[in-house]
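Here the structure comes first, spelled out in structure tokens, and everything after it is commentary.
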Amino acid sequence: MIAALKVHKLTRVFDVSAPWLNRVIERKPRQYLQAVDDISFEVPAGGCLSLVGESGCGKSTVARLVTGLYAPSRGQIAFADDIDGAPLSAQMIFQDPYASLNPRWRVRDVIAEPLREMRLRETEAEIRARVDELLLTVGLSPGDGAKFPHEFSGGQRQRISIARALATEPRFLVCDEPTSALDVSVQAQILNLMRRLQDELGLTYLFISHDLSVVRHMSDRIAVMYLGRILEEAETEILFETPRHPYTRLLLETIPNIENPRRAREAAEGEVPSPLNPPTGCTFHPRCPLADSRCRIERPKMLMLADGTRVACHRVAEAEGNSGREARA
Amino acid sequence: MPDIPVLEVRDLRVEFPGRYGTLTALDGVSLHIQAGEILGVVGESGAGKSMTGLAVQGLLEPPGRIAEGEIWLSGRRIDQLSNRQMEKVRGREIGAIFQDPLTSLNPLFSVGSQLTETIRLHLDMNRKEARAHAMDLLRQVGIPAPEDRIDHYPHQFSGGMRQRVVIALALAAHPKLIVADEPTTALDVSVQAQIIALLRRLCDDLGTAVMLVTHDMGVIAETADRVAVMYAGRLTEVGPARDVLRRPSHPYTRGLMGSIPALGRRVEVLTQIDGSMPRLDAIPSGCAFNPRCQDAGPRCRRERPDLIETGSGASACWLVQGGVE
């Protein structure tokens, strides 16, 4: 497996202190928020890695770090080299197609902006030809270029966002919840389009979502995040068949299941704690049914299992015992 | 009498008169909910599911109005009541839960004072009794240490806890019917499961009828007894949740179910319904779904199908009503 993107010990800290005057008068201390906490992962070339987790787990921050919209506090992000020797180019698709398109621009200008900015085409005629081609690629018609974003439905707008992202011929797409603002039937259209584009253009996706059924449909590997850390990372089928981490198990148990609803179940108690003041040790320990004193004190190390799953949990490490350690050695 | 449904809506038609003609937001909607039953109302955005909930509560924004049809609450007709009379019905007989728990609570008052205000408005209680009742309600919806939490303000609660407070508020006067509009959409999955379980338990324990408006088929599968599917302001299919989700009879429901990525297995290509729902000013003649329907025939473009009983449920489709030719 060639990695298109390697992320090594990435950390991002935000300063969320009160303004200077409040700190002086009210004697408030400086406050920091560790949005992403020492995470490492690799995205296989031509594949799709998904980051899943509940709100506030840092998955969108990772997307913004990878695309350079935030600078990392610590750690490295490295794209593999493309055929021409330069690093892979990356683009991003945003969640809300109502906010990510300029309402005053015609669609053809929205899509042409990256072409003009990066001087990828010489003449106006070439730009027009490329824009028409992109519109066709995402299932719109060239005539739609003359319209404004408000004339389109949510799903069509997301197609425009995708066309804009594809304009620079990127090899890597970071998709931050691309379908959460859409209705299910439209979501299916967009997911099918993204899968088709991946096959046709050889794209690599870093896919961010909170919806496990969407993630299962799209990804080769899944990383489960909780309060800025990756708790488990595994191949999609392995993660759904044998979830190792107690949090992954909780997530899989609590999502509503259409085919097999479990109405009698007991919902797990508790909510995600504030990331401003995360629990010590393993951040999941206050909600974990298996937690003991060690979990409260010691942060679990990432353990590589024989089937390629990585998991950060003391209990799993103890249960796996020797087999886990052998795999790592 | 157990036979009278808590809510009965008959042939409801809601119109919005405008400068460029009248828009029909709801057209021929009929449904009923029995005590202790959860009816899921599903559809995509703009299908009219929230509008149905608002019409039942008498909360249509002018110029929107009920043009035809009747709404009955426990054998009493409520669609013709004045605003003042409806104010007594809302809160007392119909409780409401909205999507965003932050905007449905007043940030300037403690949850206790909001609860006691609602309780004293609808029930004959003094301050002390009302406070005790408020404490009971908070306990009922699973808020830990209600004696401490009752004097806290909404911002001191987390999203899931806030939604529990909103549910307590909806339950305050023991309503017969709760209209819950996307109650779990703003919440994370693990909290969503808690709220779903809570709604189900309250419905079973108190015998409250619930109209659950949502776009999430998973939530419907886990909670609803029966489900009504809406499209372009019309009902396409009504039936027991199990049957509608597993063996949908209407092509729209089938497409909708196929477009949801399955958790249990992986499919290469999702079923997709091409196009999108028509705008209210451009609803096609005949069956509203006919331009997107693969099985549509000439009759679908010509005549509008009625909602006709088919086995356990009801479906508005010519396919199950004697052919599309």
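From first to last, the protein sequence lines are chains Y and L.
Take the first sequence: its letter number 76 is residue 76 in my numbering, and every next letter is one higher.
Count along the second sequence starting at 1, add 329, and that's the number in my numbering.
Virtual Cβ for every residue (Gly too), placed ideally from N, Cα, C.
Chain order gives the chain L residues near Ile258/Y as Met546, Gly547, Ala550, Leu574, Ile589, where near means a beta carbon separation below 7 Å. When Cβ-Cβ separations below 9 Å define contact, Ile297/Y makes no contact with chain L. Burial of Lys59/Y is indicated by the presence of at least 16 other C-beta atoms within 10 angstroms of its C-beta. For the stretch 77-107 of chain Y, the beta-carbon criterion of a distance under 7 Å to any beta-carbon of chain L is satisfied by none of its residues.
For His314/Y, the enclosing alpha helix (DSSP H) begins and ends at 314-320. Closest in C-alpha terms to Ile479/L, from the list Pro512/L, Ile507/L, Thr447/L, Ser442/L, comes Ser442/L.
When DSSP assignments are scanned along the stretch 453-512 of chain L, the uninterrupted stretches of beta strand (DSSP E) that are 3 or more residues long and fall wholly within it turn out to be 506-510. By DSSP's assignment, Cys295/Y forms no beta bridge with any residue. Nearest to Val370/L by C-alpha distance, out of Gly615/L, Leu535/L, Gly562/L, is Gly562/L. With respect to chain Y, the C-beta atom of Val518/L has a partner C-beta closer than 9 Å. Between the stretch 164-173 of chain Y and the stretch 87-103 of chain Y there are three or more inter-stretch CB-CB distances shorter than 8 Å, so the stretches are counted as touching. Under the 8 Å Cβ criterion, the stretch 377-393 of chain L does not count as touching the stretch 461-469 of chain L, having fewer than three qualifying pairs.
Any Cβ of chain L closer than 9 Å to the Cβ of Asp183/Y would place that residue at the interface, and such an atom is present. Of all residues in the stretch 584-616 of chain L, the ones placed with a Cβ closer than 7 Å to any Cβ belonging to chain Y are Gly584, Leu585, Ser588, Ile589, Pro590, Ala591, Leu592, Gly593, Arg595, Val598, Leu599, Thr600, Gln601, Ile602, Ser605, in chain order. Contacts with chain Y (Cβ-Cβ distance below 8 Å) from the stretch 355-374 of chain L involve Glu373, Ser374, listed in chain order. Put simply, of Gln156/Y, Asp211/Y, Gly53/Y, His217/Y the residue whose alpha carbon is nearest the alpha carbon of Glu271/Y is Gly53/Y. Take Thr248/Y, set aside five residues on each side of it, and the residues of its chain with a beta-carbon closer than 6 Å to its own are Val224, Glu232, in chain order. Residues of the same chain with a CB within less than 6 Å of the CB of Leu276/Y, apart from the 5 flanking positions on each side, are Leu33 in chain order. When secondary structure is reduced to three states using DSSP, Met225/Y falls in the strand class. The beta-bridge partner set that DSSP reports for Arg394/L consists of Glu344/L. Of all residues in the stretch 374-394 of chain L, the ones placed with a Cβ closer than 7 Å to any Cβ belonging to chain Y are Ser374, in chain order. Within the stretch 210-223 of chain Y, those residues whose Cβ lies closer than 9 Å to any Cβ of chain L are, in chain order, His210, Asp211, Leu212, Ser213, Val214, Val215, Arg216, His217, Met218. Residue-level contact check: Ile255/Y touches chain L, since one or more beta carbons of chain L fall below 9 Å from its beta carbon. Cβ-Cβ separation between Leu585/L and Ser185/Y: approximately 6 Å, consistent with a contact (criterion under 8 Å). For Tyr581/L, the enclosing alpha helix (DSSP H) starts and ends at 580-587.
When the Cα atoms are used, Ile190/Y and Pro178/Y turn out to be separated by approximately 8 Å.
Put simply, of Val215/Y, Cys282/Y, Gln198/Y, Ala319/Y the residue whose alpha carbon is nearest the alpha carbon of Ile230/Y is Cys282/Y. One finds nothing in chain L with a Cβ atom closer than 9 Å to the Cβ of Ala163/Y; even the nearest lies about 18 Å away. Looking at the DSSP output, Pro44/Y shares a beta bridge with Ala3/Y.
The beta carbons of Leu541/L and Ala509/L sit about 5 Å from each other, so the pair counts as a contact at 8 Å. Distance from the CA of Gly143/Y to the CA of Trp105/Y, rounded to the nearest whole angstrom, comes to 15 Å.
When DSSP states are grouped into helix, strand and coil, Pro569/L belongs to the strand group.
Annotation for Phe240/Y: the continuous alpha helix (DSSP H) segment containing it runs 236-241.
Here DSSP, grouped into helix, strand and coil, assigns Lys28/Y to coil. Taking 9 Å as the upper bound on Cβ-Cβ separation, chain L lies near residues Ser153, Gly154, Gly155, Gln156 of the stretch 143-160 of chain Y. Taking a Cβ-Cβ cut-off of 7 Å, the neighbours of Glu54/Y in chain L comprise Asp517, Val518, Ser519, given in sequence order.
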